[in-house]
Every structure is written in C-alpha cells, then in structure tokens.
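Here is the structure:
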C-alpha cells in the first residue's frame, strides 16, 4: 500500500502555501500521509495527473472535466469543499439592468477564458436564456492569469472595473468573489448592483488518478474528513481555503459544467 | 403569506431600507446577528433587489443560513438564521452592565475587580495572549510563551495599592529637582558624591533590567503585577537619570565602577525564576538600598543630593513592599519554598565568593561623605557611621526575613550571605 499520497496544487498565490502545509501537518502520522507538489498552472497539473506523476490533483471544475474526459471517466473524485457545491455566477451592472435579457445589445465584461465562474458558465447560462453571447451581447474579455482557471480573481476585478469605467454594461463574477469584494470594501457603495444569479454548479474537487489503489484513496479521504471547524487548528486552514467542511463528492453539479466546457470546445486536456 | 405566518417568530427584525451589502448592510447584519443566539432568526426587510443575488453568498461566507425570502409588497423579507460555525469562535459572551464603585477621588485600581475582569486566575491560559483579563477570547490561538502562569509565583495581595501609590508618586528628575541650588563643594566631598551617584546608578540599571526582563514572561491576567513592575522599571529609569545628572551637575563627573559591583549585579540579571529574582533584588537588595539611601540623605552635603535620594527611597520602599508581600504569598502557598529562596541566596553567594568584601571606592566615598572632610577626627566619625550603616543594613534584613517567617538563625545566615555590594 502506498503510504504517501502525492498531491498536486496550483500555487496561484503565496497564501496557498500555508494552507497546504497545514493540511500536510494534519496528515502527519496518519495511515496514509501526504505531500504536495506545486504547479504554476492547471494544464501542467492535469498532465502530471494523467501521467501518473501525482496521485491526486486539487482541481478546478474545468481541470476535472478535462481529467474525466481524458481518462474516460475512470478518474475518481475523492472529496470537495462544502462551498464547491451550489457555486453561482452573478451579473453585476450599474443599476439600469434588471435581468439577463436586458443585456441584449449591450456589452458584458468576462474574466479569464478558462475561468468557469467568470467566463465559461455565464456564457453557457446566457445561451440557455436565449441570448447568443458574442452576437446578441458584445463580450469584453479580460484574459489575465490564463492557466490558473480564475483562481486569482484578478480577471473578475478587471471586469468589475470595466463596468465602473463605463466600458461594459455588466460583468460576470463568481458569487463568492463578489462577496469577497463587498466584504473587503473593494466595491464603491451604491454604484454597482447584481441583477442576475446563475443556476448552481460545482466548483473544485480532489481528483485521483485512475490507478490510485482504492484503499489508499479511502484512507486519505477519511483522514481529510476528520478536519473540523470546531478544532481551532483546523479552522484556521478551513477558513483560508474557504470552506467549513470537506464533503463526499456530489457529482450532479458538474453536469452543466461538462455541457458548457464541451459546447465551448474546451474539453481537451492537451 | 405575511412574514409572521412563516413558522417560528424571528428573534430580531431589521429594516434594511434600500441598503445593499457594499453600502453598509454587512455591518448592520453583523451587529444584528451577533446579538442572537446560535439558531435564532433575524428578519431582514429590504427594498433593494440586489440582495436576492448577494445574500446567499454572504450567508455562506459568514456561516449563517438564509432560511427563505418572501415578497412583502415592494419589499422582500429575508430570514437569516445565525449559524453555529461563524467566522469567529467564542465560547462565551462578554460581560455587559458591570458597575464598579468609585472612590471620592476617582476609580481606584483596587476597585476594578468586577465581573469577568475581576476573576484573577490561579492558573492562567497562555493561549489568551494579550487579551485583557475578562475579555472573551476566540478559541484557537497559539499559546504565548509565558513562563509565569501560576498566580502563586507572582502575586502580592497589596499589588493594586502599591500600583496606585506608584502612579501617584511619579516625579520629574529634570524639573522637580532644584538643580540650580547646587553650590561648589570641596573637591573630595564632591568626588565622594559623584562616586556614590555612579554606584547608585549602576545598581539601578540592575533594578531596571531585572523586572523588565521578567515582564514578558508573566501572563497578562496577573495585570496588577505587570502594571506595578512597569512602574518599577520607570522608577528605576528616573533614578538612573537623577543619579547620573547629580554626578554631572556640579563640576564632578561619573566615577568608577568595580568588578565586584559588576559581578554582583550580573548574578541578579541571570536569575531565571521570578520569585527568586524578586527575593534577591527587592527583599534583600532594594531592602538594603533603603538604608543606603537614608545614609546618603542624612550626610548629603547639599540639598539637591538629599532631595534626590529621599525621593528615590520613597520609590524603592514600594519595590521592597512588593517583594516582601510577594515572598509572603509565595511562601504562604508552600512553606517548603523557604528552602528554595535560601538556596538561591547560597548559590549567589557561592558565585560571588571571589568577589567578596566591600567595594573600596564606595566604602571610601561613604566614609568621606559621612565625615564631610579629611581631618582625622572627621574620618574617625565617618568610619564609625559607615560601620553602623552595615550593622543597620544587616539588622533590617534579618527583621524583614523573620517577618517573612524565616527562623532567626536562617535569617541571620541569609543576611550574612547577602552581597557586600548592597544590591
């Protein structure tokens, strides 16, 4: 039995390092310990997982879809954050828009092309509302930090700033990102207003390589689920990573993500 | 459906008017929800349509539950349940409505023991960090590296009174001393004064550094002790200032420092245990210093010198009082600790064995000060006075020690072992 799981994570920001160091500490002395390898971008991490070079990847929804497709569905999801379920995207405007259809003939600012919440999912759901982004709605894209799948939040901030400057009529922003901007005082009071919320979809998960022995995967997940909010040491890490508890996979919420990624021709891992 | 018909009654209501989260609703919600018990519901009425989009993520991010949202005319009524897993974890609620009693002249530190702030722990939790006594502390902080966490090892019953006396008794060594009243003195007398001032200042550095070094080791919930020791540090700073200024003020200068004094004081600085350090410094050292300062005041050749040492002695008396009362508390908790203190004195004496005997410079200066001149008659009188000073120092030390409960023989032995450097 492998006694150590090698986990890949994208170090999109320095704050990521202590989070995973804390999680490594939590696994110290466990039946299955773990170590972390840092990647600078998700495509590299996905390749490493497909090559069997790492055992588990902490993947965005886009990275997960790509691994799933490349392994014909044999890659196994081990766990998620409670906050990865029911993720939503908001459209934020300056107050004159009241619904998605008001976007017709206007300009929508999007974040990075590989960010599900800031580009892929809003384009997908607007299509469901009968709009054709790119023709019915002009798109202003901020493709910053491509490869990091929107983790840095920078492209969402740029999209919001474009609305404030009047260069776009609305911006697509993850609901959690918007809350961070609002609570952090980054949104000027009274100037912007969310007017549409997307249906729920899933965000990140731990994806294991298909060849990872089931008993290793199970022992690793069991240890992860022992982290609890009431434990002060754990809480510090959970807070930093934006969750209150790790949960077993709930895969239904990826259905729309699969559709969106495939429709938009982004499903290939290469 | 009217909001009041939707199941349980809300514990609180808030009219958010048209505020959105970015315009300040986040703060209002936080205030309202923090007044609720976990599981209770806040009813928020709002006319701002953006909340329908913003509130779900806010609730999730802050650990509350958005129960439901119902239209109410042009408004929407949201029901938010306070979550048990909020961003901050407090096990208790802070005090509210405590009322201390004031004295006619103000709010005395002896009277601040009200509510949780008045609960002085027998054993303090290092994980409360710098939180003031009585504060409700979020769980989960790393413990601070305090080594004095037991009340017995630091407390004195009169420490709050001594702190009050200390804050009342502060003086200004620059302006309160009438430096301009100094007049030229005979050279040997001025030199004696300057040598004594040098020696006093040197000793007061030790009396500053030793408590200063222990303050960061003491748990802040023994607040009164920390505050008192801080006044001790400031007192000693002022004494160093005043003694040094006196050495410089009248045409003399800062004089000699001997190896004996250095060794003696270093042995104080190297003490690792607060109670032992306090016993050596404050009970024995500063206790002896009271006689030293009284002697200098009695024979001071000018009113400025007399005034400085008189003021310093009043300050030192507080330090001695704290040291004695702490020793009493420390021994009261466990009488066997008398041996620990005795051992500390013996260890220090053994360390100082090579540095025994009085500092000749200081002895000579004290004789000259008492003599007031160098004639044979005066020197004889001065020598007698200094002998008497040593006797008085010894008797007073023995008296303090027997008052603390040391048997007469032990008290004699401890006093005999005390450094000839005085401190």
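Chains as they are written, first to last, in our numbering: chain A, 170 to 439; chain B, 34 to 456.
Using N, Cα and C, we set each Cβ at its ideal position, and we do this for glycine too.
Distance between residue 415 (chain A) and residue 396 (chain A), taken at the CA atoms: about 8 Å. Here residue 206 (chain A) is bridged, per DSSP, to A:177. DSSP, read as helix, strand or coil, puts residue 75 (chain B) in strand. Counting along the chain, the unbroken beta strand (DSSP E) around residue 47 (chain B) starts and ends at 45–50.
The DSSP assignment places no complete run of the alpha helix (DSSP H) inside the region 394–429 of chain B (cut-off: 4 residues).
Look at residue 364 (chain A): its C-beta is under 8 Å from a C-beta on chain B. Bridge pairing for residue 225 (chain A): A:176, A:377 [DSSP]. The residue among B:103, B:392, B:90 with its C-alpha nearest the C-alpha of residue 77 (chain B) is B:103. Put simply, the CB of residue 218 (chain A) is far from chain B, with every gap to its CB atoms at 8 Å or more. The DSSP assignment places complete beta strand (DSSP E) segments of no fewer than 3 residues inside the region 103–132 of chain B at 108–114, in order along the chain. Residue 405 (chain B) and residue 422 (chain B) have their alpha carbons spaced roughly 16 Å apart. Taking C-alpha positions only, residue 168 (chain B) is separated from residue 397 (chain B) by approximately 56 Å. The contact set of residue 53 (chain B) on chain A, defined by CB atoms closer than 7 Å, consists of 362 in chain order. Only 89, 90, 91, 93, 94, 96 from the region 89–109 of chain B bring a Cβ to less than 7 Å from some Cβ of chain A.
Against chain B, the beta carbon of residue 252 (chain A) has neighbours under 9 Å at 93, 94, listed in chain order. Within the region 339–383 of chain A, the runs of beta strand (DSSP E) at least 3 residues long that lie entirely inside it are, in chain order, 339–343, 362–366, 374–377.
With three or more CB-CB distances shorter than 8 Å, the region 255–272 of chain B counts as touching the region 189–201 of chain B. Per DSSP, the beta-bridge partners of residue 183 (chain B) are B:156. Using a Cβ distance threshold of 8 Å, residue 297 (chain A) and residue 339 (chain A) do not count as a contacting pair. Within chain B, the residues 122, 172, 173, 174 have their CB atoms less than 8 Å from the CB of residue 401 (chain A), given in chain order. Residue 274 (chain A) has no beta-bridge partner at all, per DSSP. The beta carbon of residue 87 (chain B) falls within 8 Å of a beta carbon belonging to chain A, placing the residue at that interface. Residue nearest to residue 361 (chain A) within the set B:415, B:436, B:86, B:380 is B:86 (criterion: CA-CA distance). Taking a 10 Å sphere around the C-beta of residue 205 (chain B), we find fewer than 16 other C-beta atoms and assign the residue as exposed.
For the 8 Å CB-CB criterion, residue 226 (chain B) and residue 279 (chain B) form a contact.
Burial is judged here by how many other beta carbons sit within 10 angstroms of a residue's own beta carbon; residue 286 (chain B) has fewer than 16 and is exposed.
Put simply, the CB of residue 80 (chain B) is far from chain A, with every gap to its CB atoms at 8 Å or more. For the region 333–365 of chain A, residues whose beta-carbon sits nearer than 9 Å to a beta-carbon of chain B comprise 343, 344, 345, 346, 347, 348, 349, 350, 351, 352, 354, 355, 356, 357, 358, 359, 360, 361, 362, 363, 364, 365.
Under the 8 Å Cβ criterion, the region 193–211 of chain A counts as touching the region 316–331 of chain A, having at least three qualifying pairs.
Within 10 angstroms of the beta-carbon of residue 137 (chain B) lie fewer than 16 other beta-carbons, which makes it exposed.
Looking at the backbone, the Cα of residue 345 (chain A) and that of residue 292 (chain A) are separated by about 18 Å.
The beta-carbon of residue 67 (chain B) is placed no less than 8 Å from the nearest beta-carbon of chain A. At a Cβ-Cβ threshold of 8 Å, residue 66 (chain B) and residue 97 (chain B) count as neighbours. By the neighbour-count criterion, in which a residue is buried when 16 or more other Cβ atoms sit within 10 angstroms of its Cβ, residue 227 (chain A) is buried. Flagged as an interface residue toward chain A: residue 118 (chain B), by a C-beta distance shorter than 8 Å.
Taking a beta-carbon distance threshold of 8 Å, residue 59 (chain B) counts as an interface residue toward chain A.
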